[in-house]
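Enquirer: Whatever position you read off the sequence shown (first residue = 1), add 42 for my numbering.
The beta-carbon is built from N, C-alpha and C at its ideal position, and this holds for glycine as well.
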Amino acid sequence: MKGMRISEIFYSVQGEGVLCGVPSVFVRTSGCNLRCRWCDTPYASWSPEGREWSVDEVFKEVQSFGMARHVVLTGGEPMLAAGLAELSRRLHGAGYHITIETAGTVSPGEVVYDLASLSPKLSGSVPSSDAFGVGWVEKHEKLRLQPAVLREWIGGGDYQLKFVVGSRAELDEVGRLVSALGLAVPHHKVLLMPEGVESGSLLEKGRLVAEWCKEAGYRYCDRLHVHLYGHTRGT
Ligand code: SF4
């Protein structure tokens, strides 16, 4: 059976979202079906790194972090990884809390999760054709928003909708997207996050994002790991 291509597995504190601060093992799969302009993990997306691991190897590696009770399956786009459903089942069966961090373009299928951390991509995520070519620009634009898939995730368990926003126009775009889902999404489940991989600029942009949160009733989402560790892999 084809293994899971893994970029990194590490133990840290969750830096984003409703479980911010919770010690967690991060399993970062390699490969992505999008090409976001501001992607901060190119080594797990368009320049995928890492060898293939069996589900058993990943499971044992997670268990080696003895105090961890939370596992974050992230990427890249973890939903593209072969064996993810089996891994999620095994981890869940062993008592771990499972967060899936996904752009929400692929249906959950058989994947087991406690929290779906959904990050649909806004129009500002579209990459330049200079960097990736026209083909990727078109593919990204066509794929980035899948309302039916997002509804499946939301209907299947607890969730948060997390958006990187950099302008007032994007705040309006988030509102339109959430409305288009046609679901009663409580505002505190919509998280707005500033863009940035450096603590100072993150705080500066964050003040603006916090104002937008107050205006719309959404929840502010920080990037704790950036403040604690900077833009460093394995954190
Ligand atoms: S979906 Fe995530 S991993 Fe993929 S390109 Fe966008 S930011 Fe990077």
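(1) Measure the C-alpha to C-alpha separation of Tyr138 and Arg79 and round it to an integer number of angstroms.
(2) Hey, would you say the C-beta of Asp200 is under 8 Å away from at least one heavy atom of ligand 1?
(3) In the structure shown, what three-state DSSP assignment does Gln56 receive?
(4) What did DSSP end up calling Gln202 once you bin it into helix, strand or coil?
(5) In terms of DSSP beta bridges, what is Leu157 paired with?
(6) Measure from the alpha carbon of Ile48 to the alpha carbon of each residue in Cys62, Pro65, Val60, Val69, then state which is nearest.
(7) Looking at the structure shown, is Tyr260 part of a helix, part of a strand, or coil, going by DSSP?
(8) With His134 as the anchor, note down where its alpha helix (DSSP H) starts and where it stops.
(9) Does the distance between the C-beta of Ser161 and the nearest non-hydrogen atom of ligand 1 fall short of 8 Å?
(10) Closer than 8 Å by C-beta to Leu160: which residues in its own chain qualify, once you throw out the five before and the five after it? Chain order, please.
(11) Pairs of beta-carbons, one from the stretch 162 to 174 and one from the stretch 119 to 129, closer than 8 Å: are there three or more?
(12) For Ala190, which option in Leu225, Val176, Leu213, Arg132 has the closest C-alpha, if you only look at C-alpha atoms?
(13) Less than 8 Å between C-beta atoms, sequence neighbours within five positions excluded: which residues of the same chain meet that for Val104?
(14) Identify, in the order they occur along the chain, each residue of the same chain with its Cβ nearer than 6 Å to the Cβ of Pro90, setting aside the five sequence neighbours on each side.
(15) Is it true that the stretch 229 to 244 meets the stretch 176 to 191, where meeting means three or more beta-carbon pairs spaced less than 8 Å apart?
(16) Exposed or buried, what is Ser209 when buried is set at 16 or more other beta-carbons lying within 10 Å of its beta-carbon?
(17) For the alpha helix (DSSP H) that contains Leu104, what are its first and last residues?
(18) Using the three-state DSSP reduction, which class does Pro169 fall into: helix, strand or coil?
Expert: So, to answer that:
(1) One C-alpha to the other measures close to 33 Å.
(2) It does not: the Cβ of Asp200 is nowhere closer than 8 Å to a heavy atom of ligand 1.
(3) Three-state result, Gln56: coil.
(4) strand
(5) Thr141, Asp200
(6) Of the candidates Cys62, Pro65, Val60, Val69, the one whose C-alpha sits nearest the C-alpha of Ile48 is Val69.
(7) Under the three-state reduction of DSSP output, Tyr260 falls in the coil class, being neither helix nor strand.
(8) 126 to 135
(9) yes
(10) Thr144, Ala145, Gly146, Leu192, Trp195, Ile196, Tyr201, Gln202, Leu203, Lys204
(11) no
(12) Leu225
(13) Ile51, Val67, Val69, Ala110, Val113, Leu133, Tyr138
(14) Ser72, Gly73
(15) Because the criterion of three Cβ pairs below 8 Å is not met, the stretch 229 to 244 and the stretch 176 to 191 do not touch.
(16) exposed
(17) The displayed chain sequence assigns Val, not Leu, to residue 104. Element bounds for Val104: 97 to 105.
(18) coil
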